[in-house]
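Residue numbering for the sequence shown follows the UniProt record's numbering, starting at 1 and increasing by one per position. Glycine included, every Cβ here is placed at the ideal spot set by N, Cα and C.
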Amino acid sequence: MPTWPATLTFFSARGGYTLTSPEGNTIETAMSVGPPKKRRRSSAGPRLFKGRIDNLPVAQLAVFEAFFHDDLLDGALSFEAVDPLTLVTRTYRFVDTFEVRPGKPLRVRIDADLRILA
């Protein structure tokens, strides 16, 4: 399994960090009488993580893009990285694409949605 490149900062900018509870991990069943019952589908429900890398030097953007394109096959594969909040190694996968925006001179900002798989 690919690991996040050591030369790149992981998605740790406080302004872009959002973590949600497990998505779609419950199922509701209608009862013949009374309110519907709700239960958990799995103990391993994936969570959504919105992250941002601020002030990435433009020269390192090529490293990020090569990792996404070559190692992750354009985001199809999952990868391991250290969670910036808990400092625990987790398995992530890009939900879709990422966005690159200009920042300070010769620097960019990258925003992406990732799914925490484990």
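Leaving out five residues on either side along the sequence, give the residues of the same chain with a beta carbon under 6 Å from the beta carbon of residue i.
i	result
L61	V108
Just the C-alpha distance for residue i and residue j, rounded to the nearest angstrom, thanks.
i	j	result
residue 206	L72	Because the chain in this structure spans residues 1 to 118, residue 206 falls outside the shown range and cannot be described.
S42	T26	8 Å
G34	E23	26 Å
A118	F98	21 Å
R101	I110	6 Å
W4	V95	16 Å
A112	K50	6 Å
T29	V58	51 Å
Measuring alpha carbon to alpha carbon, tell me which of the options ends up nearest residue i.
i	options	result
L9	K38, R52, E28 and T18	Sequence inspection shows Thr at residue 9; the Leu mentioned does not correspond to that position. Here the closest residue by C-alpha is R52.
L48	P105, T29 and T91	T91
K104	R40, L56 and S12	L56
Would you kindly report the start and end of the unbroken beta strand (DSSP E) that includes residue i?
i	result
A81	F79 to V82
Can you tell me where the alpha helix (DSSP H) with residue i in it begins and where it stops?
i	result
F98	F98 -> not in any alpha helix (DSSP H); beta strand (DSSP E) instead, spanning T89 to P102.
V108	Careful: V108 lies outside any alpha helix (DSSP H), inside the beta strand (DSSP E) at R107 to I116.
So residue i packs on residue j, CB below 8 Å; how close in whole Å?
i	j	result
S78	M31	In fact, because the Cβ distance is near 38 Å, the residues do not count as touching under 8 Å.
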